[in-house]
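Colleague:
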Amino acid sequence: MGVVQTVLDGGLPIRDVYLPHGLFPEVIRPLLAFLVFGESLAADRLMGLLIQPLAYVAAAYYVWGVFPTLFWRVTALIGCALYPLLLLPRHIVVFLALGLLTSWAKDQTRWKLFGAGCIAGLGFVGSTVDQAVFLLVTLLLVPFAMVVEHVALRRGGVANESCNATSKWAVGVEVAGPLWA
């Protein structure tokens, strides 16, 4: 609450105060809570309780994109529900961006990759700097790794069936061993 009071008194978030959890949980969420519910600690906690379910929705979106079968999806969601310390509101950005990235890896639509990049940019506002940097690096490396794997599959002689223009890059189809085995 000291960070918000400093900002309300005219201080700048990056220059005048230290933001250990990022700009959103330290400044933006409490300011929104103060506008909606009035200036109190209870207002900030109530806003946190209202935002918390969005972390579970974002995690479910990511889990649904990563795991191929219903059994593993349900198992992962039960694991997330049993260990709620992993899911904080500042992880919403991470789960949404990675969910869009895994969805893009399956069907190669450009808007999903663009959306993942935009959400990763919001990671610098919505979460800690280390999470945002790791997310941005992941979003840059995954398409590059897919291109490397695509080239390796073409050189392996499987370009005729599984890597043609209709199947997009044979994502999710095992046609050869792992690239770095």
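Residue numbers are given in our numbering: position 22 of the sequence shown equals residue 13, and the series is strictly consecutive. Here a beta-carbon is modelled for each residue, glycine too, at the ideal position from N, C-alpha and C. For clarity, every value in this text was computed on a predicted model and none was experimentally measured.
With the cut-off set at 8 Å, would you say PHE15 and ARG81 are in Cβ contact?
Modeller: Within the sequence shown, residue 15 is the residue found at index 24, counting from 1. Within the sequence shown, residue 81 is the residue found at index 90, counting from 1. Yes, they are a contact pair.
Colleague: Whose C-beta lies closer than 6 Å to the C-beta of ILE42 among residues of the same chain, with five residues either side of it excluded?
Modeller: Stepping through the sequence shown from its first residue, residue 42 is reached at position 51. Taken in chain order, the residues that qualify are PRO80.
Colleague: Who are the near neighbours of CYS71 in its chain, counting only those whose CB is closer than 8 Å to its CB and skipping five residues on each side?
Modeller: Taking the sequence shown and counting its residues from 1, one reaches residue 71 at position 80. The residues are TYR47, ALA50, ALA51, VAL54, LEU77, LEU78.
Colleague: Below 7 Å CB to CB, which residues in the same chain sit around GLY106 once its five sequence neighbours on both sides are set aside?
Modeller: Start at 1 with the first residue of the sequence shown, and residue 106 comes out as number 115. Same-chain partners within the cutoff: LEU91.
Colleague: Would you check if there are 3 or more beta carbon pairs closer than 8 Å linking the stretch 109 to 118 to the stretch 4 to 19?
Modeller: The stretch 109 to 118, when compared against the stretch 4 to 19, does touch it at the 8 Å Cβ threshold.
Colleague: Measuring CB to CB, does VAL18 end up less than 8 Å from VAL(-5)?
Modeller: As a working note, residue 18 is residue 27 in the sequence shown. As a working note, residue -5 is residue 4 in the sequence shown. Taking 8 Å as the Cβ cut-off, VAL18 and VAL(-5) qualify as a contacting pair.
Colleague: Mapping DSSP to helix, strand and coil, what is MET(-8)?
Modeller: Locating residue -8 in the sequence shown gives position 1, counting from the first residue. Three-state result, MET(-8): coil.
Colleague: Using 10 angstroms around the beta-carbon of TRP95, count the other beta-carbons present and answer buried if the total reaches 16, otherwise exposed.
Modeller: Translated into positions along the sequence shown, residue 95 becomes position 104. Classification for TRP95: buried.
Colleague: Using the C-alpha atoms, what's the distance from ALA88 back to PHE58?
Modeller: Position 67 of the sequence shown, counted from the first residue, corresponds to residue 58. Position 97 of the sequence shown, counted from the first residue, corresponds to residue 88. Taking the straight line from one Cα to the other gives about 16 Å.
Colleague: VAL84 and GLY114 look like a contact to me (Cβ under 8 Å); what is the Cβ gap, rounded to whole Å?
Modeller: Position 93 of the sequence shown, counted from the start, is the residue given in the question as residue 84. Position 123 of the sequence shown, counted from the start, is the residue given in the question as residue 114. Their Cβ separation, rounded to whole angstroms, is 5 Å, which keeps VAL84 and GLY114 in contact under 8 Å.
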